[in-house]
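Worksheet: one structure, shown below.
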Ligand SMILES: Cc1cc2nc3c(=O)[nH]c(=O)nc-3n(C[C@H](O)[C@H](O)[C@H](O)COP(=O)(O)OP(=O)(O)OC[C@H]3O[C@@H](n4cnc5c(N)ncnc54)[C@H](O)[C@@H]3O)c2cc1C
């Protein structure tokens with residue numbers, strides 16, 4: 014049987030997160046965007062409501078349809094992109110711990126990434142390196158060396174533009190362990206904040222998502238126990254052996270791993286696009302120009318029709334990719350990339366159209382749409398700039414190592 018009906022649990026989840034976004038996130042959005050600070054009181058509210066924490070994450074992650082994560086993220090980011098990213102930032106790290114960690118590592122580290130309602134905490138995921146962009150094959154400057162005598166890993170390098178950098182309680186860091194393989198095998202380590210040698214720079218001043226902290230992270234002979242290697246040594250050895258046997262491939266494995274995160278990131282873009290569309294729809298219905306509601310102009314109504322169509326199309330790509338990932342269907346044509354590419358473009362386009370429909374109000378910081386437009390722009394950049402999903406799709410459909 015084929016059905017696009019959401020289950021009762023999905024409806025309940027959507028309503029619950031939507032309620033939180035309406036009551037708590039939206040009223041605070043402009044303030045935290047102006048302050049350019051992590052909204053700790055909102056994180057605390059989210060933790061109290063049960064929306065921020067390892068149990069919630071486990072529940073969303075455990076949904077066998079794969080839809081709970083994108084549904085929750087669409088609503089969260091419908092509330093506000095910056096606050097949504099402040100809440101979501103830890104999840105990027107947690108998703109990696111869940112995907113790569115052993116059961117013991119998951120049990121140890123996941124709760125520490127969130128803290129609790131009394132003391133919420135955040136985590137940071139750190140693959141990006143300066144001068145590498147999203148070229149995973151160029152991310153090989155952060156090195157990890159194992160010291161058998163002390164059973165310690167020593168990490169040295171620099172990570173750039175890290176969400177929650179400098180304020181995280183837990184850092185999930187990728188590093189090269191065999192330089193002769195370049196970035197083809199990246200081991201992933203968990204580093205607690207306060208570990209000697211780990212430092213962050215000043216927060217970046219950003220165009221959008223300003224309620225989410227972003228900073229560079231420096232690793233200077235950071236020593237961590239052997240147990241902090243995610244997945245354990247046997248799994249790393251297996252990856253190294255496989256990579257040595259398959260020299261000459263183009264980093265598809267690394268890219269595929271990142272691609273699995275993209276449906277959730279794309280769902281965020283859909284949430285921001287939908288927020289702008291709904292705002293513009295409401296505005297056009299109520300603003301009276303030349304004696305009639307603005308929406309009665311066909312060009313306005315048709316723009317809104319296009320916006321709704323594009324947003325729904327993006328969401329369907331997101332749900333397909335999330336469902337494929339969770340049900341073990343392999344991406345064969347870059348389906349995760351399609352979701353990210355489409356949703357990112359739709360978010361930028363729809364928020365810009367919403368500004369146009371609002372006219373001067375769209376350009377004013379008294380209205381939320383210009384903030385949505387600033388926030389939306391990130392989805393063509395973060396987690397792989399626009400050409401990366403294009404590259405993945407092009408390689409998948411052509412079967413060629415397109416560069
Ligand atoms: C707000 C924010 C939060 C972030 N959070 C994190 C985080 O938590 N963790 C983390 O590790 N990183 C994070 N990043 C880093 C982010 O993932 C990178 O910025 C992103 O991967 C793109 O890298 P880049 O900016 O160096 O772009 P580049 O790779 O330098 O690309 C620049 C532009 O050139 C285009 N381009 C590059 N190469 C090609 C090509 N071969 N063909 C066609 N076009 C090309 C790109 O599409 C892009 O438009 C964050 C970035 C931002 C802005």
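Residue numbers (the working numbering): 14 to 416. For each residue, glycine too, the CB sits at the ideal point set by N, CA and C.
- Starting from the Cα of residue 135, find the closest Cα among 176, 189, 157 and 190 and give me that residue. 176
- Query: Which term fits residue 287, buried or exposed, when burial requires 16 or more other beta carbons within 10 angstroms of its beta carbon?
  - Reply: buried
- Item | Span separating the alpha-carbon of residue 218 from that of residue 229 | 12 Å
- Check: residue 321 C-beta below 7 Å from any heavy atom of ligand 2: Ligands in the displayed structure: ligand 1; ligand 2 is not one of them.
- Query: Thinking C-beta only, is residue 382 closer than 8 Å to residue 367?
  - Reply: yes
- Task: Tell me whether residue 416 sits in a helix, a strand or coil according to DSSP, three-state version.
- Result: coil
- Message: Does residue 225 come out as helix, strand or coil in the three-state DSSP assignment?
- Response: coil
- What's the gap between the Cα of residue 29 and the Cα of residue 94? 18 Å
- Determine the extent of the beta strand (DSSP E) in which residue 156 is found, giving its start and end residues. 156-160
- Answer yes or no: the CB of residue 176 versus the heavy atoms of ligand 1, is any distance below 7 Å? yes
- Backbone CA spacing between residue 280 and residue 333 [nearest angstrom]: 11 Å
- Message: Please state whether the Cβ-Cβ distance between residue 190 and residue 198 is less than 8 Å.
- Response: yes
- Should residue 172 be listed as close to ligand 1, given that the test is whether its C-beta is under 7 Å from any heavy atom? yes
- Message: If you follow the beta strand (DSSP E) that residue 211 is in, where does it begin and where does it stop?
- Response: 211-213
- Message: At a threshold of 7 Å, does residue 394 count as lining ligand 1 (C-beta to nearest heavy atom)?
- Response: yes
- Message: Please report the straight-line C-alpha distance between residue 96 and residue 66, rounded to a whole angstrom.
- Response: 16 Å
- Message: With three or more beta-carbon pairs closer than 8 Å as the criterion, would you say the stretch 115-125 touches the stretch 160-178?
- Response: no
- Task: Determine the burial state of residue 388: buried for a count of at least 16 other Cβ atoms within 10 Å of its Cβ, exposed for fewer.
- Result: buried
- Query: Quick one: Cα of residue 316 to Cα of residue 376, how far?
  - Reply: 18 Å
- Query: DSSP state of residue 344, grouped into three classes?
  - Reply: coil
- Tell me whether residue 133 sits in a helix, a strand or coil according to DSSP, three-state version. strand
- Collapsed DSSP secondary structure at residue 255 in the structure displayed: helix
- Could you have a look at residue 263 and say whether DSSP puts it in helix, strand or coil? Its pLDDT being 43, under 50, residue 263 is placed unreliably in this model, and the coordinates cannot settle the point.
- Query: Leaving out the 5 sequence neighbours to the left and right, which residues in its chain are closer than 6 Å to residue 256 when beta-carbon positions are compared?
  - Reply: 194, 197 and 198
- Message: By alpha-carbon positions, which one of 351, 291, 44 and 174 ends up nearest to residue 370?
- Response: 291
- Task: State the Cα-Cα distance for the pair residue 263 and residue 148, rounded to the nearest angstrom.
- Result: In this prediction, residue 263 scores a pLDDT of 43, lower than 50, which makes its location untrustworthy; the coordinate-derived value is nonetheless stated afterwards. Those two C-alpha atoms are separated by around 11 Å.
- Message: So, for residue 216: in the same chain, excluding its five sequence neighbours on each side, which residues have a beta-carbon less than 7 Å away from its beta-carbon?
- Response: 179, 226, 227 and 228
- residue 170, enclosing beta strand (DSSP E) - first and last residue: 165-176
- Under 8 Å Cβ to Cβ from residue 338, same chain only, skipping five residues before and after it: list those, please. 79, 273, 276, 344 and 349
- Which one or two residues does DSSP pair with residue 184 in a beta bridge? 137 and 204
- Output yes if chain B places a C-beta closer than 8 Å to the C-beta of residue 183; else output no. Absent from the structure: chain B. Only one protein chain is present.
- What do you get for residue 252, buried or exposed, if any count of 16 or more other CB atoms within 10 angstroms of its CB means buried? buried
- Task: Inspect the CB distances between the stretch 157-165 and the stretch 235-242 and report whether three or more fall short of 8 Å.
- Result: yes
- Between the C-alpha atoms of residue 101 and residue 310, what's the straight-line distance to the nearest angstrom? 39 Å
- Cα separation between residue 91 and residue 259? 43 Å
- On the three-state DSSP scale, how would you describe residue 15? coil
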